[in-house]
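Protein chains: 2
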Amino acid sequence: MSTSTPASPGGKAAWAGAREALRERGLRWTPQRRLILDVLAETSGHITGAELVERCRARDAATIGSTVYRTLDVLEELGYVRHSHGADGREEYHVLPLAEHAHIGCLGCGAAWDLTWEDARELVERLEARNGFRVALGHVMIGGYCPGCEPAER
Amino acid sequence: MSTSTPASPGGKAAWAGAREALRERGLRWTPQRRLILDVLAETSGHITGAELVERCRARDAATIGSTVYRTLDVLEELGYVRHSHGADGREEYHVLPLAEHAHIGCLGCGAAWDLTWEDARELVERLEARNGFRVALGHVMIGGYCPGCEPAER
DNA sequence: GTCGTTCTTGCGAGGCTATGCAATAACAAC
DNA sequence: GTTGTTATTGCATAGCCTCGCAAGAACGAC
Ligand SMILES: [Mn+2]
Ligand SMILES: [Mn+2]
Ligand SMILES: [Zn+2]
Ligand SMILES: [Zn+2]
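If you read the sequences in order, they're chains A and B.
Numbers given in our numbering equal positions in the first sequence, counted from 1, plus 3.
Numbers given in our numbering equal positions in the second sequence, counted from 1, plus 3.
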């Protein structure tokens, strides 16, 4: 469903410090969190909350949705994931974000791509200059239609 | 919560043609649709799907959510409303959009502004040329911080 | 006014996400 | 290993939005 974002850097390696990161904050290392991190470590690019629940459930049928969503909140605070909302409003988590970037999503087929600061520069500079508005690229979502998806009517 | 978008032009007047617009397409004029249009005619700027359901329910307790959402779909096809998704992923309907436009929202205070095709031209043209991607300006959401709101952390 | 066609509605169910609460488990200290 | 503290889980519930389906209503024709 979601395309884009080249493979993450170290794969599993990047997650090595997660257990320590949790403990340093007084948070706990539980079997549920370990499973979620294992799945994320094998994911590159984007994943929706629902997809993550599903993949965890494939490995442990007892997986509870709310636990997954709450763990995602924690991981976002630690910087391991970052979320925005896709064109359909659903959560889209970016795993191990290398650099802040915006998302472009097809309203037809749901495919998604990334947009860099460089791509958005002209617009970002215009908003900064004209309105004093500082764009948070991670919270930019551009909806539209990819070449394969004709926008039906209108 | 959402600022911007000056009051709609004619208020009720702008909705006068709605009944005809429906009939010309073979669609029907029902009591449910009339109520929804009445409520929308008294709304200017933005409204979420849930808010609209609530306001309709205030006038007719028998209002059914799915009917409201389906009517919004129809009205969007006729051009009377246009929706995108707010920073929290919920649907945000723009009533009587004068022109298709994108939304800029402050992640700090929630203030929102509009962005026109002209403002986005450079980026839109770039995406069209480079990826064959046709931007739907109404589905563009730009998050960031207004001059008054310091970007907290990270 | 009656009838037939086709659009709409109501209703039920389901997907995605959030939250409160009590029971449980992780961790640190001993 | 036991115990106490407190974070976390499971569960239930709820909100927002979508969809299928069968019953019902709007509309045009007569
Ligand atoms: Mn939508
Ligand atoms: Mn969110
Ligand atoms: Zn597409
Ligand atoms: Zn602000």
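Here a beta-carbon is modelled for each residue, glycine too, at the ideal position from N, C-alpha and C.
Just so it is clear, the structure is predicted and the values come from calculations on it, not from any experiment.
Neighbour-count burial assignment, residue i, 16 or more Cβ in a 10 Å radius
i                     : result
residue 36 (chain A)  : buried
residue 29 (chain B)  : exposed
residue 90 (chain A)  : buried
residue 65 (chain B)  : exposed
residue 108 (chain B) : buried
residue 112 (chain A) : exposed
residue 1 (chain B)   : Absent from the structure is residue 1 (chain B), since the part of chain B shown begins at 4 and ends at 157.
residue 32 (chain B)  : exposed
residue 67 (chain A)  : exposed
residue 120 (chain A) : exposed
residue 155 (chain B) : Only weak support is given to the placement of residue 155 (chain B): the predicted model assigns it a pLDDT of 48, under 50, and the value that follows is read from those uncertain coordinates. Classification for residue 155 (chain B): exposed.
residue 63 (chain B)  : exposed
residue 45 (chain A)  : exposed
residue 141 (chain B) : buried
residue 131 (chain B) : exposed
residue 53 (chain B)  : exposed
Limits of the unbroken beta strand (DSSP E) element including residue i
i                     : result
residue 74 (chain A)  : Residue 74 (chain A) -> not in any beta strand (DSSP E); alpha helix (DSSP H) instead, spanning 68–81.
residue 94 (chain A)  : 94–98
residue 151 (chain B) : No beta strand (DSSP E) holds residue 151 (chain B); DSSP gives it neither H nor E.
residue 88 (chain B)  : 84–88
Whole-angstrom distance between residue j and residue i, CA atom to CA atom
i                     : j                     : result
residue 16 (chain B)  : residue 103 (chain B) : 20 angstroms
residue 97 (chain A)  : residue 51 (chain A)  : 9 angstroms
residue 42 (chain A)  : residue 81 (chain B)  : 44 angstroms
residue 26 (chain B)  : residue 20 (chain B)  : 10 angstroms
residue 118 (chain B) : residue 75 (chain A)  : 32 angstroms
residue 87 (chain B)  : residue 93 (chain B)  : 8 angstroms
residue 138 (chain A) : residue 146 (chain A) : 17 angstroms
residue 127 (chain B) : residue 105 (chain B) : 12 angstroms
residue 135 (chain B) : residue 22 (chain A)  : 43 angstroms
residue 60 (chain B)  : residue 77 (chain B)  : 19 angstroms
residue 143 (chain A) : residue 38 (chain A)  : 30 angstroms
residue 110 (chain A) : residue 149 (chain A) : 8 angstroms
Segment limits, alpha helix (DSSP H) that includes residue i
i                     : result
residue 120 (chain A) : 120–134
residue 110 (chain A) : Premise fails: residue 110 (chain A) is in no alpha helix (DSSP H) and is neither H nor E.
residue 52 (chain B)  : 52–62
residue 22 (chain A)  : 21–27
residue 30 (chain A)  : It is not in any alpha helix (DSSP H) - residue 30 (chain A) carries neither H nor E in the DSSP assignment.
Contact belief for residue i with residue j at Cβ below 8 angstroms, rounded distance in angstroms
i                    : j                     : result
residue 73 (chain A) : residue 79 (chain A)  : No, residue 73 (chain A) and residue 79 (chain A) are not in contact; Cβ-Cβ is about 11 angstroms, not under 8 angstroms.
residue 49 (chain A) : residue 115 (chain A) : 6 angstroms
For this session: Could you please tell me which residues of the stretch 104–117 of chain A, in chain order, have their CB closer than 9 angstroms to any CB of chain B?
Result: 105, 107, 108, 109, 110 and 116
Problem set entry | the stretch 87–100 of chain B: positions lying closer than 9 angstroms to chain A by Cβ | 87, 88, 89, 90, 91, 92, 93 and 94
Exercise. Got a sec: which bits of the stretch 52–85 of chain B sit with their beta carbon under 8 angstroms from any beta carbon on chain A, in order along the chain?
Worked result: 80 and 82
For this session: Residues of the stretch 128–156 of chain A with a CB closer than 8 angstroms to any CB of chain B: list them in chain order, please.
Result: Taking 8 angstroms as the upper bound on Cβ-Cβ separation, chain B lies near residues 129, 130, 134, 135, 136, 137, 138, 139, 141, 142, 143, 144, 145, 146, 147, 148, 149, 150, 154 and 156 of the stretch 128–156 of chain A.
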